[in-house]
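Asker: Can you keep this structure in mind? I'll have questions shortly.
There are 2 protein chains.
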Amino acid sequence: MKRPSPAPSNPGQDIDSSALQGLVGYATRRAWLVMQEHFKQHMSAVDLRPVPFTLLTLIGANPGITSTQLCAMLDMPSSNLVGLVKQLQDRDLIERQPHPGDGRALGLHLRAPGRSLLRKAREAAERADRQATAALSDAELAQLLALLGKIHGR
Amino acid sequence: MKRPSPAPSNPGQDIDSSALQGLVGYATRRAWLVMQEHFKQHMSAVDLRPVPFTLLTLIGANPGITSTQLCAMLDMPSSNLVGLVKQLQDRDLIERQPHPGDGRALGLHLRAPGRSLLRKAREAAERADRQATAALSDAELAQLLALLGKIHGR
DNA sequence: TATTGTTATACTCTATAACTATA
DNA sequence: TATAGTTATAGAGTATAACAATA
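Chains as they are written, first to last, in the working numbering: chain Y, 170 to 323; chain W, 170 to 323.
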């Protein structure tokens with residue numbers, strides 16, 4: 170004899186989500202939310218969110234890179250980069266130098282604190298990555314990276 | 170002889186992003202952004218963004234589902250659901266009915282326009298999915314879904 | 001004219017705390 | 001006391017338009 174009206178406090182097991190399970194978009198979003206959660210936990214010590222971490226990483230690997238190049242790389246409007254760069258600068262992690270050969274542009278460079286923080290951040294990001302993908306074997310991890318790369322092209 | 174100071178108008182080819190390429194978090198985020206772009210284009214006709222589409226889908230598959238159940242399912246605070254539900258209600262896509270057996274809860278149900286819109290939305294979402302993953306074979310698609318499922322744990 | 005970087009603005013998404021009414 | 005839903009609010013993320021300085 171089934172209960173006629175189960176209390177709505179059902180945590181979610183009986184919910185039919187089959188219509189979403191086949192959508193790669195849904196699966197990708199859910200996976201990204203999980204990864205983001207791990208990232209947040211591991212990066213709280215260095216106080217960097219995903220986008221600022223990406224910026225710091227790219228500036229570290231490409232000294233003198235400009236805002237315009239970062240925007241092209243990350244597909245974001247330059248207006249949104251202004252505040253992010255300003256915050257990294259206010260934390261003394263990066264500095265802006267006049268670009269040789271183009272008076273309009275400003276080259277971005279790591280400062281010593283930025284270099285040091287980036288090392289710690291990189292390790293934390295890798296730990297977050299490993300923890301979030303702990304259920305995957307090394308082969309599966311490589312597969313996943315390759316498949317995701319086919320979607321975002323590179 | 171290399172140009173000593175290439176103009177900063179470099180679109181992005183020469184930028185070293187190798188430090189990001191190995192991170193699953195980065196790859197997942199980039200893939201999600203691509204999927205989101207396709208989704209946006211295909212869903213403009215039905216005017217549904219990712220979360221409202223997910224809500225409509227879950228309400229369609231689970232008549233009488235409550236906000237609390239949706240929140241548990243989607244890992245979002247109930248306060249953020251209020252406005253979303255209100256918008257769907259204002260568009261006459263869903264209705265809220267008193268929950269049998271719990272006077273606090275409200276069951277969510279599709280209305281006729283919602284049922285009709287959901288059909289179109291579902292087809293559009295599948296088209297967006299297929300277009301975004303056009304570079305993947307059917308086998309790769311299944312692999313990707315399985316691997317992402319291992320991260321977000323179903 | 002076109003481009004770099006900037007300001008201003010707006011809308012969405014996300015997160016927290018405090019409240020109400022029911023249980 | 002605990003839960004369902006609500007309000008208010010604040011912070012990110014994302015998008016467009018308009019502008020100054022330089023090319």
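Just so it is clear, CB atoms sit at the ideal spot from N, CA and C, and this is done for glycine as well.
(1) Give the range of the beta strand (DSSP E) segment to which isoleucine 263 (chain Y) is assigned.
(2) Histidine 321 (chain Y) versus chain W: which residues are under 8 Å apart at the beta carbon?
(3) Can you tell me whether DSSP reads isoleucine 320 (chain W) as helix, strand or coil?
(4) Is there a C-beta anywhere in chain Y that falls below 8 Å from the one on glycine 181 (chain W)?
(5) At a Cβ cut of 8 Å, what residues of the stretch 224-249 of chain W count as close to chain Y, listed as they run along the chain?
(6) Helix, strand or coil, according to DSSP, for isoleucine 234 (chain Y) in the structure here?
(7) Spatial neighbours of arginine 284 (chain Y) within its chain, please: C-beta separation below 8 Å, excluding the five flanking residues on both sides.
(8) Provide the residue span of the alpha helix (DSSP H) that contains glycine 252 (chain Y), from first to last.
(9) Please compile the residues from chain Y whose C-beta is within a distance smaller than 8 Å of the C-beta of valine 193 (chain W).
(10) CB-CB under 8 Å to alanine 304 (chain Y), same chain, minus the five flanking residues each way: which ones, in chain order?
(11) Would you mind reading off the limits of the beta strand (DSSP E) that contains glycine 276 (chain Y)?
(12) Can you pull the chain Y residues whose beta carbon is under 7 Å from the beta carbon of aspartate 185 (chain W), in chain order?
(13) Chain Y beta carbons: is any one of them nearer than 8 Å to that of alanine 214 (chain W)?
(14) Going along the chain, which residues of its own chain have a beta-carbon closer than 6 Å to the beta-carbon of glutamate 264 (chain Y), five neighbours each way excluded?
(15) Out of Y:Leu275, Y:Leu227, Y:Val254, point me to the one whose CA is closest to glutamine 190 (chain W)'s CA.
(16) Less than 8 Å between CB atoms is the rule here; does lysine 262 (chain Y) satisfy it with respect to chain W?
(17) Please check if any C-beta of chain Y sits within less than 8 Å of the C-beta of proline 219 (chain W).
(18) Do you know whose CA, among Y:Met242, Y:Val203, Y:Asp183, lies nearest alanine 297 (chain Y)'s CA?
(19) Does the beta-carbon distance from glycine 194 (chain Y) to phenylalanine 208 (chain W) come in below 8 Å?
(20) Pairing CB atoms from the stretch 242-253 of chain Y with CB atoms from the stretch 204-224 of chain Y, are three or more of them under 8 Å?
(21) How big is the Cα-Cα spacing for proline 175 (chain W) and arginine 299 (chain Y)?
(22) Let me know the secondary structure DSSP gives aspartate 325 (chain Y) once reduced to three states.
(23) Could you check the C-alpha separation between arginine 198 (chain Y) and glutamate 206 (chain W) for me, to the nearest Å?
(24) Alanine 294 (chain Y) touches chain W at which residues, Cβ-Cβ below 8 Å?
(25) Verify whether the separation of the beta carbon atoms of proline 267 (chain W) and leucine 275 (chain W) is less than 8 Å.
(26) Please report the straight-line C-alpha distance between leucine 314 (chain Y) and threonine 237 (chain Y), rounded to a whole angstrom.
(27) Using the beta-carbon of each residue, which ones in chain Y are nearer than 8 Å to alanine 290 (chain W)?
(28) Give me, in chain order, the residues of the same chain whose beta-carbon lies closer than 7 Å to that of arginine 172 (chain W); leave out the 5 immediate sequence neighbours on both sides.
(29) Could you give the distance in angstroms between the alpha-carbon of aspartate 216 (chain W) and the alpha-carbon of methionine 212 (chain Y)?
(30) Can you give the Cα-Cα distance for isoleucine 234 (chain W) and glycine 318 (chain W), rounded to whole angstroms?
Answerer: To lay it out plainly:
(1) Position 94 of the first sequence, counting from 1, holds the residue named residue 263 (chain Y). Isoleucine 263 (chain Y) -> beta strand (DSSP E) spans 263-267.
(2) By one-based count along the first sequence, residue 321 (chain Y) stands at place 152. Those are Ala196, Arg199, Ala200, Leu202, Val203, listed as they occur along chain W.
(3) In the second sequence, residue 320 (chain W) corresponds to position 151, counting from 1. In the three-state scheme derived from DSSP, where H, G and I count as helix and E and B as strand, isoleucine 320 (chain W) is classed as helix.
(4) As a working note, residue 181 (chain W) is residue 12 in the second sequence. In this prediction, glycine 181 (chain W) scores a pLDDT of 42, lower than 50, which makes its location untrustworthy; no coordinate-derived value is stated.
(5) Thr226, Leu227, Gly229, Ala230, Asn231, Ile234, Thr235, Thr237, Gln238, Ala241, Met242, Asp244
(6) The residue given as residue 234 (chain Y) occupies position 65 in the first sequence. Correct three-state label for isoleucine 234 (chain Y): strand.
(7) As a working note, residue 284 (chain Y) is residue 115 in the first sequence. Around arginine 284 (chain Y): Gly229.
(8) Stepping through the first sequence from its first residue, residue 252 (chain Y) is reached at position 83. Note, glycine 252 (chain Y): alpha helix (DSSP H), 247-259.
(9) If you number the second sequence from 1, residue 193 (chain W) lands on position 24. Ordered by position in chain Y, the residues that pass the 8 Å Cβ test against valine 193 (chain W) are Met204, Asp298, Ala301, Thr302, Leu310, Leu313, Leu314, Leu317.
(10) One-based indexing of the first sequence puts residue 304 (chain Y) at position 135. Here the set comprises nothing.
(11) Position 107 of the first sequence, counting from 1, holds the residue named residue 276 (chain Y). Where glycine 276 (chain Y) is concerned, the enclosing beta strand (DSSP E) stretches over 275-279.
(12) Taking the second sequence and counting its residues from 1, one reaches residue 185 (chain W) at position 16. Residues of chain Y passing the Cβ test: Ala230, Asn231.
(13) In the second sequence, the residue the question calls residue 214 (chain W) occupies position 45. No, because no Cβ of chain Y sits closer than 8 Å to the Cβ of alanine 214 (chain W).
(14) Here residue 264 (chain Y) refers to the residue found at position 95 when the first sequence is read from its first residue. These residues qualify, in order along the chain: His278, Arg280.
(15) Taking the first residue of the second sequence as 1, we reach residue 190 (chain W) at position 21. Nearest option by C-alpha distance: Y:Leu227.
(16) Position 93 of the first sequence, counting from 1, holds the residue named residue 262 (chain Y). First, the amino acid is wrong: residue 262 (chain Y) is leucine here, not lysine. Look at leucine 262 (chain Y): its C-beta is not under 8 Å from any C-beta on chain W.
(17) Locating residue 219 (chain W) in the second sequence gives position 50, where the first residue counts as 1. Closer than 8 Å to some Cβ of chain Y, the Cβ of proline 219 (chain W) qualifies, so yes.
(18) Taking the first sequence and counting its residues from 1, one reaches residue 297 (chain Y) at position 128. Closest option to alanine 297 (chain Y), Cα to Cα, is Y:Val203.
(19) Counting from one through the first sequence, the residue named residue 194 (chain Y) turns up at place 25. Counting from one through the second sequence, the residue named residue 208 (chain W) turns up at place 39. The answer is yes: Cβ separation under 8 Å.
(20) Touching, per the Cβ criterion.
(21) Walking along the second sequence from the start, residue 175 (chain W) turns up at place 6. Walking along the first sequence from the start, residue 299 (chain Y) turns up at place 130. Model confidence at proline 175 (chain W) stands at a pLDDT of 38, short of 50, so the residue's coordinates are unreliable and nothing is read from them.
(22) Limits of chain Y in this structure are 170 at one end and 323 at the other, which puts residue 325 (chain Y) out of reach.
(23) Start at 1 with the first residue of the first sequence, and residue 198 (chain Y) comes out as number 29. Start at 1 with the first residue of the second sequence, and residue 206 (chain W) comes out as number 37. Computed Cα separation, rounded: 13 Å.
(24) Here the question's residue 294 (chain Y) lines up with position 125 in the first sequence. Those within 8 Å of alanine 294 (chain Y) in chain W are Leu192, Gly194.
(25) Here residue 267 (chain W) refers to the residue found at position 98 of the second sequence. Here residue 275 (chain W) refers to the residue found at position 106 of the second sequence. A contact, by the Cβ cut-off of 8 Å.
(26) The residue you call residue 314 (chain Y) lines up with position 145 of the first sequence. The residue you call residue 237 (chain Y) lines up with position 68 of the first sequence. When rounded, the distance between both Cα atoms is 27 Å.
(27) Locating residue 290 (chain W) in the second sequence gives position 121, where the first residue counts as 1. Ordered by position in chain Y, no residue passes the 8 Å Cβ test against alanine 290 (chain W), which lies about 11 Å from the chain.
(28) On the second sequence, residue 172 (chain W) is found 3 positions in, with the first residue counted as 1. Reliability of the predicted coordinates at arginine 172 (chain W) is poor, the pLDDT of 36 falling under 50, and no value is obtained from them.
(29) Within the second sequence, residue 216 (chain W) is the residue found at index 47, counting from 1. Within the first sequence, residue 212 (chain Y) is the residue found at index 43, counting from 1. Roughly 36 Å between the two C-alpha positions.
(30) To locate residue 234 (chain W), count along the second sequence from 1; it is residue 65. To locate residue 318 (chain W), count along the second sequence from 1; it is residue 149. Cα-Cα distance, rounded: 24 Å.
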